[in-house]
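Engineer:
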Ligand SMILES: Nc1ncnc2c1ncn2[C@@H]1O[C@H](COP(=O)(O)OP(=O)(O)OP(=O)(O)O)[C@@H](O)[C@H]1O
Ligand SMILES: [Mg+2]
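Numbering (our numbering), first residue to last: 3 to 205.
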């Protein structure tokens, strides 16, 4: 079966083979080898673990098919378009409400995504979240607030014409669905005052 490169991200190459996606975290030669191996291995295992949990709760994310090698993850191919490419042309408020609701579901299951951008969401029949390499389990208001703040930063930079309305819709939906949402949103105000948070994957 033909293996086709579909994306090259900051830390991984994504291939489509046999209608499955292979996510290969490639070596970073500028990192010390031992640290690089450990980091790639850790992120791959963590992503696998979160995907399994998401499957168990029925959250729309790729199913884990295989995690046999340290740096390779084989996952379900989610057909559709990246939210990044369609947000402007579609009913962005409706999409963003759905995004807010889905973030609330993640948080209610103590999952922090860690990289909530519109490049990590795919619209199929509903919105699927992908790219859980920076995700972790936490119940802290601080971690949830930073997650929401990253969504805001991503919207601001990639969708600067519509970001305000989008973010408001996402937050309104989040408020309705999330447990302890008033605590998280209060925390978000504190986080906003402190400045930038985007985790640097390349580092
Ligand atoms: N399960 C999937 N089904 C379909 N496409 C996918 C899937 N997983 C990843 N992709 C595609 O590959 C791209 C990169 O994947 P991913 O975000 O997981 O890797 P990444 O290295 O973190 O990339 P980036 O640094 O761009 O965020 C996605 O934006 C998407 O276009
Ligand atoms: Mg990504």
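Every residue, glycine too, gets a C-beta built ideally from N, C-alpha and C.
All values derive from a computational prediction rather than experimental measurement.
What would DSSP say about residue 185, mapped onto helix, strand or coil?
Structural biologist: helix
Engineer: Can you say whether residue 192 is buried or exposed, counting buried as having 16 or more other CB atoms within 10 angstroms of its CB?
Structural biologist: exposed
Engineer: Which one of 73, 149, 120 and 104 has the shortest CA to CA distance from residue 24?
Structural biologist: 73
Engineer: Please check the pair residue 36 and residue 75, which I expect to be a contact at CB under 8 Å, by giving their CB distance rounded to whole angstroms.
Structural biologist: Not quite, the Cβ-Cβ distance comes to about 21 Å (not below 8 Å), so this is no contact.
Engineer: Give a yes or no on whether the C-beta atoms belonging to residue 140 and residue 52 are separated by under 9 Å.
Structural biologist: no
Engineer: Using 9 Å as the threshold, is the C-beta distance between residue 59 and residue 66 below it?
Structural biologist: no
Engineer: Could you check which residue in 174, 16 and 159 has the C-alpha nearest to that of residue 80?
Structural biologist: 16
Engineer: Report the option in 31, 3 and 9 whose CA atom is closest to the CA atom of residue 19.
Structural biologist: 3 is the residue among 31, 3 and 9 whose C-alpha sits nearest the C-alpha of residue 19.
Engineer: Which residue's Cα is closest to the Cα of residue 184: 142, 7, 153 and 39?
Structural biologist: 142
Engineer: What residue range does the alpha helix (DSSP H) around residue 42 cover?
Structural biologist: It spans 35-59 - the alpha helix (DSSP H) in which residue 42 sits, taken as one unbroken run.
Engineer: How should residue 100 be labelled, buried or exposed, when 16 other C-beta atoms within 10 angstroms of its C-beta is the threshold for buried?
Structural biologist: buried
Engineer: Do residue 126 and residue 133 have their C-beta atoms within less than 9 Å of each other?
Structural biologist: no
Engineer: Residues in its own chain within less than 8 Å of residue 64 by CB, not counting five upstream and five downstream?
Structural biologist: 23, 53, 77, 78, 79, 80, 130 and 132
Engineer: By the DSSP assignment, the alpha helix (DSSP H) with residue 157 in it spans what residues?
Structural biologist: 143-160
Engineer: Given residue 114, which residues of its chain have a CB within under 7 Å of its CB, disregarding the five upstream and five downstream residues?
Structural biologist: 137, 138, 140, 145, 146 and 149
Engineer: State the Cα-Cα distance for the pair residue 124 and residue 62, rounded to the nearest angstrom.
Structural biologist: 10 Å
Engineer: My output table needs one value for residue 28: the three-state DSSP class, helix, strand or coil.
Structural biologist: Residue 28 falls in the coil class under three-state DSSP.
Engineer: Below 6 Å CB to CB, which residues in the same chain sit around residue 175 once its five sequence neighbours on both sides are set aside?
Structural biologist: 99, 102 and 103
Engineer: At a threshold of 8 Å, does residue 25 count as lining ligand 1 (C-beta to nearest heavy atom)?
Structural biologist: yes
Engineer: Kindly list the residues whose CB is nearer than 7 Å to the CB of residue 188, restricted to its own chain and excluding five residues on each side of it in sequence; keep chain order.
Structural biologist: none
Engineer: Run through the stretch 72-101 for me and flag every whole beta strand (DSSP E) of 3 or more residues, listed as ranges in chain order.
Structural biologist: 74-78
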